[in-house]
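Engineer: In order, the protein sequences belong to chains G and A.
Throughout the first sequence, residue numbering follows the numbering used here, covering 3 to 274 in sequence.
Throughout the second sequence, residue numbering follows the numbering used here, covering 47 to 328 in sequence.
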Amino acid sequence: MKSIALGQYYPSNSVLHRTDPRIKIILAILYIVCSFLCKNIISFGLLALSAIMLIIIARVPLKTIFGGLRPVLIILIITSLFNIFWTSGDILLFEWKFIHIYLEGLYSAAFMVIRIVSLIIGTSVFLTYTTTPIDLTDAIEDLLSPLKKIRVPVHEFAMMMTIALRFIPTLVEETDKIMTAQKARGVDFSSGSLITRAKALIPILIPLFVSAFNRASELATAMECRCYHGGEGRTRMKVRHIRFVDFIPLVLVLILATALIILNLLRIGFTI
Amino acid sequence: MSKLVLENVSFYHGRGTPYEIKALDNINIGIPAGKITGLIGHTGSGKSTLVQMFNGLLEPHEGRVLLDGVDIWSQPKKIRDVRFKVGLVMQYPEYQLFEETVFKDIAFGPLNMGVPESEIEERVLEAADFVGFERELLYKSPFDLSGGQKRRAAIAGIIAMRPEILVLDEPAAGLDPRGREAIFTNILNYQRANGNTVVIVSHSMEDMARLCDNIIVMSAGEILMSGDKDEVFTQSERLTSVGLDVPQITQLMNLLKIKGVECPDGIYTVEMAFEYLKNKLR
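1. Assess, as a yes-or-no matter, whether the segment 165-183 of chain A is touched by the segment 196-204 of chain A under the definition of 3 or more beta carbon pairs within less than 8 Å.
2. With H, G and I counted as helix, E and B as strand and the rest as coil, what does DSSP make of lysine 240(G)?
3. Can you give me the Cβ contacts of isoleucine 27(G) inside the same chain, cut-off strictly under 8 Å, excluding the 5 residues immediately before and after it?
4. Does any residue of chain A bring its CB to less than 8 Å from the CB of aspartate 144(G)?
5. In chain order, what residues of the same chain have a beta carbon less than 6 Å from the beta carbon of glycine 76(A), not counting five sequence neighbours either side?
6. Am I right that glutamine 142(A) and isoleucine 180(G) are in contact with their C-beta atoms under 8 Å? What's the rounded C-beta distance?
7. Rounded to a whole number of angstroms, what is the C-alpha to C-alpha distance between threonine 147(A) and alanine 79(A)?
8. Using a Cβ-Cβ cut-off of 8 Å, state whether phenylalanine 230(A) counts as contacting chain G.
9. Could you tell me whether the segment 240-251 of chain A touches the segment 210-223 of chain A, using the rule of 3 or more Cβ pairs below 8 Å?
10. Taking the beta strand (DSSP E) that proline 171(G) belongs to, which residues open and close that run?
11. In the DSSP output, which residue or residues are listed as bridge partners for lysine 68(A)?
12. Please classify aspartate 178(G) as buried or exposed, where buried requires at least 16 neighbouring CB atoms within 10 angstroms.
13. One question on the structure: do serine 265(A) and serine 94(A) come within less than 8 Å of each other, judged by their Cβ atoms?
14. Within the continuous alpha helix (DSSP H) that includes tyrosine 314(A), where are the two ends?
15. Around the Cβ of threonine 223(G), are there at least 16 other Cβ atoms within 10 angstroms (buried) or fewer (exposed)?
16. How many whole angstroms separate the CB atoms of leucine 48(G) and leucine 262(G), which I take to be in contact at a CB cut-off of 8 Å?
17. Check whether the Cβ atoms of isoleucine 122(G) and isoleucine 57(G) sit closer than 8 Å, and answer yes or no.
18. Which one of Trp88(G), Arg269(G), Val253(G) has the shortest CA to CA distance from leucine 29(G)?
19. Closest by CA to leucine 207(G), which one among Ser219(G), Ala183(G), Leu221(G), Arg228(G)?
20. Does lysine 179(G) get closer than 8 Å to chain A when you measure Cβ to Cβ?
21. Does the ligand HEM have a heavy atom nearer than 7 Å to the CB of arginine 328(A)?
22. Taking valine 132(A) as the reference, which of Val307(A), Met99(A), Gln297(A) has the closest Cα?
23. Nearest-angstrom Cα distance between phenylalanine 155(G) and methionine 162(G)?
24. For alanine 278(G), which of Ser52(G), Val62(G), Ile67(G) has the nearest alpha-carbon?
25. Is the distance from the Cβ of leucine 71(G) to the Cβ of isoleucine 86(G) below 8 Å?
26. Are methionine 254(A) and isoleucine 86(A) closer than 8 Å when you measure CB to CB?
27. How close, in whole Å, do the beta carbons of methionine 318(A) and valine 292(A) come, if the pair is a contact with beta carbons under 8 Å?
28. Taking only three categories from DSSP, how would you classify aspartate 92(G)?
29. For proline 139(A), which residues in chain G fall below 7 Å Cβ to Cβ?
30. In three-state terms, what does DSSP make of threonine 175(A)?
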């Protein structure tokens, strides 16, 4: 039950941890763009290198990173198998009955893996590992604030996200509690057919929903009691200021993007 | 004679992670059959972890749990049977209610045990009577009940399983005085009617003094004291040293003793004090 969150904040004091979260969101988007700019061996090499550098700079242990990659492992394996067996090209490496493996297939499989892995490492290092969820929602609110002009309730969305994030651990804990209570009444989660097991979840889900709804209405009352009325005229306790150093990572990622574009124009190395 | 025995039981939260915490440290206790045993301790002393050892919700990392002399973990596949023999009412048990009617919710445990349909009604009504539940409430939705009623419905859900040992973790927490009184009276009646073995977890000394025959005191994952209620409550210094207290009336009697009034040890309810002082002043 404890491993529910896909990515989790890893407390440390690296340069990236101290970078302004708004900049980090822009960095993450740029990095995603970069990973799709890659078209040849050299650019994919650069991408892989940058992902490794990110891990080193953020000082997040490799174990945590690999733990975050585990959920996509199956997707990685399946896509690379597809790429290996179904890509045709000029250089045939292996042939047996209906199986043809081309060098191009191996390359595109490797490229795909590098792309997905760096995509996940990039976004999770910029966003989840080095930025607390609260900072992140604040930053999203700031970045989207121009939309307020066209009456998009940006603050309300951000508040909803903050509350949702805040209550994930609470709900996990509560699920644990209810599960233990129902186990004491003889519910068996680990044996029986799929249908019996699914049915065993009913005594967990109903109390969980009931208490989540109760909690939501209590929270709404508590917020109203403290005169919460949406984003209008609301100030922050911590006001973020973008400093000069915050721009350094931005510049670095922009250089990476430019390098990738130039590499594409040069058409060197193995291209897909 | 002990119904349930814990031998050298140790348990760690988050075992194998850097956040490992020793929750229970070499626990050796026996729960006497046919009596009410009180389990007292400060928040975080390991009471709730300990009661989850009793019915096999948690497996001890070291040591054994013996029910009627048999190690409950000798056949891990049959651990569900242990949970039916040792009925555990968790803290704030109203969270476990989920059925459409109170009747169905009380019947949930027995149905899981495989009790035949024909016997269910008898068991539900019996359990409802023990917790003083009015018949017409049985057909209401559990979510329409008051806090105290929900609590009693949840306790009835365990009693309907006819456990050999009934374990209640803070059964009166968060209830008003009338609700507390009702719950404790119900538990006492239940125990007296069947001569069952009951374990109550609480940190209210007054309630413990009134209800229990035996007391186990826990502190920081260890057993500090265990024994007859008289033995435990006479050692007020040791209790205070771990942030617990003897009942207020016992404190008063101790003060009287210091002031030079002749008082015996072992007075821990107002009724006892009243009787004693009445005779003395006569």
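Backbone N, C-alpha and C fix where the C-beta goes; we use that ideal spot for every residue, glycine too.
No experiment lies behind these values; they were computed from the predicted model shown.
Structural biologist: Based on what the coordinates show:
1. yes
2. coil
3. Phe128, Leu129, Leu138, Ala141, Ile142, Leu145
4. no
5. Ser48, Val51
6. 6 Å
7. 34 Å
8. no
9. yes
10. Where proline 171(G) is concerned, there is no enclosing beta strand (DSSP E), although the alpha helix (DSSP H) it sits in stretches over 156-186.
11. Tyr58(A)
12. exposed
13. no
14. Segment: none, tyrosine 314(A) is in no alpha helix (DSSP H) and carries neither H nor E.
15. exposed
16. 7 Å
17. no
18. Val253(G)
19. Ala183(G)
20. yes
21. As presented, the structure is devoid of all ligands, the ligand HEM included, so that no description of it is given.
22. Met99(A)
23. According to the sequence provided, residue 155(G) is proline. The question's phenylalanine does not apply to it. Using only the alpha carbons, I get a separation of about 11 Å.
24. As displayed, chain G neither begins before 3 nor continues past 274, which places residue 278(G) out of reach and without an answer.
25. no
26. yes
27. About 13 Å; that fails the 8 Å criterion.
28. coil
29. Ala183
30. First, the amino acid is wrong: residue 175(A) is aspartate here, not threonine. Three-state result, aspartate 175(A): helix.
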